[in-house]
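Letter 82 of the sequence shown, counting from 1, is numbered 81 in numbering that gives the first Met the number 0, and no numbers are missing. Cβ coordinates follow ideal geometry from the N, Cα and C atoms, glycine included. Below: one structure, written as structure tokens.
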Amino acid sequence: MERRMPKRHIQQTKPPAKKMAKNISSFAFFAGLLVIVAIAFFYVQKDKTEDAVTSSNNVSEAERLISKDLEVGYPDTPAEVMKLFGRINQCIYNSNMSDKQFDELLTQMRLLYSNSLLSQNSFEEHREDLKAEIKAFREVKRRIVNYTVEKSSSVQYKTIENQDCAFVQMAYFMSEKGNYTKSFQDYILVKENGKWKILSFKKNVSPNAQE
Numbered sequence: 000m001e002r003r004m005p006k007r008h009i010q011q012t013k014p015p016a017k018k019m020a021k022n023i024s025s026f027a028f029f030a031g032l033l034v035i036v037a038i039a040f041f042y043v044q045k046d047k048t049e050d051a052v053t054s055s056n057n058v059s060e061a062e063r064l065i066s067k068d069l070e071v072g073y074p075d076t077p078a079e080v081m082k083l084f085g086r087i088n089q090c091i092y093n094s095n096m097s098d099k100q101f102d103e104l105l106t107q108m109r110l111l112y113s114n115s116l117l118s119q120n121s122f123e124e125h126r127e128d129l130k131a132e133i134k135a136f137r138e139v140k141r142r143i144v145n146y147t148v149e150k151s152s153s154v155q156y157k158t159i160e161n162q163d164c165a166f167v168q169m170a171y172f173m174s175e176k177g178n179y180t181k182s183f184q185d186y187i188l189v190k191e192n193g194k195w196k197i198l199s200f201k202k203n204v205s206p207n208a209q210e
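Listed below in structure tokens is the structure:
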């Protein structure tokens, strides 16, 4: 009698290559998704950072000038005093700022003035006159592009009525509707309590001064 072998149940399995391909495909999908999320997150953070930097730059110069402690770090020379004065002027004429910042920056400017000059201009009068000048300045779209102060070696020193005085010239470069002009201002500084203070100033109208 013929003996038959019992039939074995053979479990069918998926070919290993196809299974591996499916796993790789799934991994690539999730990896790609993660990359996309990471890129999106990067650009969102980049935009936030740029916005923060832009916002910071809009007020940084005014805030830096306002935060200067001139009682401790007052400029040593007439030329350095005028450089700070030019920097404050450029900021206050060109920048948009709150009334509080304007007043604080004007207070810093007045710390560079002599007692004699301060007595001729109260804070309120100075504030109103300066605001009117800035308004007229901006109506014609004028900006202070740059300024220069003559070298310390070129500063002239004289004694007038027993007071030490220094004569300094500044040049202002301005733009107005695409045109550029250059004007000069002559300043006299006087030494008060060991600090050089602005006593007076006038526009230089000599033939050597270029407009």
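Asked                                                                                                                                                                                             : Found
Where does the unbroken beta strand (DSSP E) through K181 begin, and where does it stop?                                                                                                          : N178 to E191
Helix, strand or coil for V144, going by three-state DSSP, please let me know.                                                                                                                    : strand
Might you give, ordered along the chain, the residues of its own chain that have their beta carbon closer than 6 angstroms to the beta carbon of F84, omitting 5 neighbours on each side?         : L111
Could you check whether the segment 191-204 touches the segment 107-122, counting it as contact only if at least three pairs of C-beta atoms, one from each stretch, sit closer than 8 angstroms? : yes
Near K190, which residues of its chain fall below 6 angstroms by C-beta distance, leaving aside the five closest residues on each side in sequence?                                               : D163
So, is V80 buried or exposed, given that buried needs 16 or more other C-beta atoms within 10 angstroms?                                                                                          : buried
Expressed to the nearest angstrom, what Euclidean distance is found between the alpha-carbon atoms of K140 and K176?                                                                              : 6 angstroms
Using DSSP with H/G/I as helix, E/B as strand and the rest coil, what is V80?                                                                                                                     : helix
When you compare only the Cα positions, how much space is there between E60 and N93?                                                                                                              : 11 angstroms
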